[in-house]
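Asks: One structure follows; several queries about it will come next.
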Amino acid sequence: MNDPMALLSRHIDFTGIARAVDAKLGLGAKAKGGRPAWPAEGMMRVLLLQQLYKFFRRCAGGPVADRRSFMRFIGLENSGKVPDAKTTWVWRERLKERAAMGDSSAAIGGQLARAGDIAGGGQVIDASIVSAPIQRDTREENERLKQGEVPQDWSDARRTQKDVDARWTSRHGKSFYGDKPHANTNRRWGLVRVHEVSGANVHDSQHFEDLIEEANTARGIRADSAHAHKERDARLKAAGDRVDIHQQGVGGKSLSEARQRRNHRIAKDRAFVEHALARLAQQGGKCLRTMGLARAKGAIGLKVASHNLMRLARLQEAGAMPA
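Just so we're aligned: the sequence shown equals residues 1 to 323 in UniProt numbering.
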């Protein structure tokens, strides 16, 4: 039976991930008295379940308590209590405020390395747009927000409900409001090695060099036409990288047959990053219910982590990577 939770339990070292999060959050020794805190391993498993099964954040406890398989995965099979919505919210805030997602990602990266994930096969880079709640601001308020200022007449309660980091952009004739995740996917294994998050108005090419992973054993870098930049591409080629950027016709002229064949060859490799971005969308990644860039980074970081863990478990189950 294809049970994702059983698959993850067999192949993923959640104890190592929890240890890295514990060290970052400082949740070790506590003063005596009071209710014991939920263990980091169990909470990381709850956050992973939220991504895999798209639980709405305010009702996480209900779906978990309703399914015995969820309770068993978290380690609460014989318990009558589950973490409620407030508890999971507090954990997400802790991960955001103390930048603990980076430490958990490092722990996941170490697990990938021990499993034989040597970055190879080249790098595939792409970006996507995730929608955020549209803000109905006045023209004057929008101008101040674009300058990095918050209107002084906004109350504290109003500021908490305003996303001042998301931006408008246009793609294929349609307008979108939100953020933009940029991802570098390993061509060999389909794992997201590096990712960045920005406002939707940031051009895809702006984070191109930030996403390049020097440790990749292959020198090929593939991306779509939005990442084209003559000076940067020439600099990378001079450094020994092979930059394969999808080409488009210019001035209404169609591409030659040779260039169309080249695009077709590049597109087959670029599909690897599309699979990863589609997995993020499958986890509800096309619409974020968070406010602000910091929370958007945390939410997308959790989705990337869940994709990598699920991908690693499936590769090990198939025998493609050592368990």
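Cβ atoms here follow ideal geometry from the backbone N, Cα and C, with glycine treated the same way.
1) Give me, in chain order, the residues of the same chain whose beta-carbon lies closer than 6 Å to that of Pro133; leave out the 5 immediate sequence neighbours on both sides.
2) With DSSP as the reference, label Asp244 as helix, strand or coil.
3) Can you tell me whether DSSP reads Asp126 as helix, strand or coil?
4) Can you tell me which of Ser131, Met101, Arg167 and Leu302 puts its alpha carbon nearest to the alpha carbon of Asn142?
5) Just grab the DSSP bridge partners of Tyr177 for me.
6) With distances taken from CA atoms, which of Ser256, Gln111 and Gln50 is nearest Ile12?
7) So Ser105 and Ala305 are in contact, right, with Cβ under 8 Å, and what is the actual spacing, rounded?
8) List the DSSP bridge partners of Ile134.
9) Indicate the three-state DSSP secondary structure (helix, strand or coil) for Ser69 in the structure shown.
10) Contact defined as beta carbons within less than 8 Å: I believe Val130 pairs with Pro181. What is the distance between those atoms, to the nearest angstrom?
11) Using beta-carbon positions only, say whether Ala37 and Ala18 come within less than 8 Å of one another.
12) Thinking just about the alpha-carbon of each residue, which of His275, Val273, Asp244 and Ala276 is nearest to the one in Arg261?
13) Does the separation of the CB atoms of Asn186 and Gly121 fall below 8 Å?
14) Let me know if Arg68 comes out buried or exposed under the rule of 16 or more other beta-carbons within 10 Å of its beta-carbon.
15) So for Arg222, helix, strand or coil by DSSP?
16) Indicate whether the contact test is met: 3 or more Cβ pairs, each with one atom in the segment 269-279 and one in the segment 187-195, closer than 8 Å.
17) Check for me: the beta strand (DSSP E) holding Ser198 runs from which residue to which?
18) Among Ala228, Ala215, Ser254 and Ala258, whose alpha-carbon lies nearest the alpha-carbon of Gly109?
19) When the Cα of Thr217 is compared with those of Arg98, Gln123 and Ala99, which residue comes out closest?
20) Hey, Gly292 and Asp163 are a contact pair by Cβ (cut 8 Å); roughly how many whole angstroms apart?
21) Does the Cβ of Lys303 have 16 or more other Cβ atoms within 10 Å, making it buried, or fewer, making it exposed?
22) Identify which residue in Thr138, Asp210 and Leu95 has its Cα closest to the Cα of Ala20.
23) Excluding the five sequence neighbours on either side, which residues of its own chain have a C-beta within less than 8 Å of the C-beta of Asn308, listed in chain order?
24) Give the DSSP-derived three-state secondary structure of Thr15 in the structure shown.
25) Going by DSSP, what residue range makes up the alpha helix (DSSP H) through Arg235?
26) Identify which residue in Arg72, Ala234 and Ala223 has its Cα closest to the Cα of Asp3.
27) Please look up how many angstroms separate the CB atoms of Asp233 and Arg219, rounded, as I've assumed it's under 8 Å.
28) Here's the rule: buried if 16 or more other CB atoms are within 10 angstroms of the residue's CB, otherwise exposed. What is Ala200?
Replies: With the given structure in hand:
1) By 1-based counting over the sequence shown, the position of residue 133 is 133. Around Pro133: no qualifying Cβ.
2) As a working mapping, residue 244 is identified with position 244 in the sequence shown. Asp244 falls in the strand class under three-state DSSP.
3) Here residue 126 refers to the residue found at position 126 when the sequence shown is read from its first residue. If DSSP states are grouped into helix, strand and coil, Asp126 belongs with the strands.
4) Sequence index remark: in the sequence shown, residue 142 carries index 142 (1-based). Considering only alpha carbons, the answer is Arg167.
5) The residue labelled residue 177 in the question sits at position 177 within the sequence shown. Partner(s): Trp168.
6) Start at 1 with the first residue of the sequence shown, and residue 12 comes out as number 12. Nearest of Ser256, Gln111 and Gln50 to Ile12, Cα basis: Gln111.
7) Translated into positions along the sequence shown, residue 105 becomes position 105. Translated into positions along the sequence shown, residue 305 becomes position 305. Rounded, the Cβ-Cβ distance is 6 Å, consistent with contact.
8) Here residue 134 is taken as the residue at index 134 of the sequence shown, counted from 1. None; Ile134 has no bridge partner.
9) Counting from 1 along the sequence shown, the entry for residue 69 is found at position 69. DSSP places Ser69 in helix when its eight states are reduced to three.
10) To locate residue 130, count along the sequence shown from 1; it is residue 130. To locate residue 181, count along the sequence shown from 1; it is residue 181. Contact holds; Cβ gap of about 6 Å.
11) As a first step, residue 37 is located in the sequence shown; it is residue number 37 there, counting from the start. As a first step, residue 18 is located in the sequence shown; it is residue number 18 there, counting from the start. Result no, Cβ atoms of Ala37 and Ala18 do not sit closer than 8 Å.
12) One-based indexing of the sequence shown puts residue 261 at position 261. Among His275, Val273, Asp244 and Ala276, the Cα nearest to that of Arg261 is on Asp244.
13) On the sequence shown, residue 186 is found 186 positions in, with the first residue counted as 1. On the sequence shown, residue 121 is found 121 positions in, with the first residue counted as 1. Cβ distance < 8 Å, so Asn186 and Gly121 count as in contact.
14) For the purposes of this step, residue 68 is taken as the residue at position 68 of the sequence shown. Exposed, by the Cβ-count rule.
15) Stepping through the sequence shown from its first residue, residue 222 is reached at position 222. Three-state result, Arg222: strand.
16) yes
17) Walking along the sequence shown from the start, residue 198 turns up at place 198. Ser198 -> beta strand (DSSP E) spans Val192 to Gly199.
18) Start at 1 with the first residue of the sequence shown, and residue 109 comes out as number 109. Checking every option, the nearest Cα to that of Gly109 belongs to Ala215.
19) For the purposes of this step, residue 217 is taken as residue 217 along the sequence shown, with counting starting at 1. Checking every option, the nearest Cα to that of Thr217 belongs to Gln123.
20) For the purposes of this step, residue 292 is taken as the residue at position 292 of the sequence shown. For the purposes of this step, residue 163 is taken as the residue at position 163 of the sequence shown. Confirmed, Cβ separation roughly 6 Å.
21) For this step, residue 303 is matched to residue 303 along the sequence shown. Buried is the call here.
22) Start at 1 with the first residue of the sequence shown, and residue 20 comes out as number 20. Taking only the C-alpha atoms, the option nearest Ala20 is Leu95.
23) Taking the first residue of the sequence shown as position 1, residue 308 is located at position 308. Once the five neighbours on either side are set aside, the close Cβ partners of Asn308 are Ile108, Leu112, Leu191 and Val192.
24) On the sequence shown, residue 15 is found 15 positions in, with the first residue counted as 1. DSSP places Thr15 in helix when its eight states are reduced to three.
25) One-based indexing of the sequence shown puts residue 235 at position 235. From DSSP, the alpha helix (DSSP H) with Arg235 extends over Lys230 to Ala238.
26) Working through the sequence shown from its first residue, we reach residue 3 at position 3. That would be Arg72, whose Cα lies nearest to the Cα of Asp3.
27) The count along the sequence shown starts at 1 and reaches residue 233 at position 233. The count along the sequence shown starts at 1 and reaches residue 219 at position 219. With 8 Å as the limit, Asp233 and Arg219 do not qualify as a contact, their Cβ atoms being about 13 Å apart.
28) Working through the sequence shown from its first residue, we reach residue 200 at position 200. Answer is buried; the Cβ neighbour count reaches 16.
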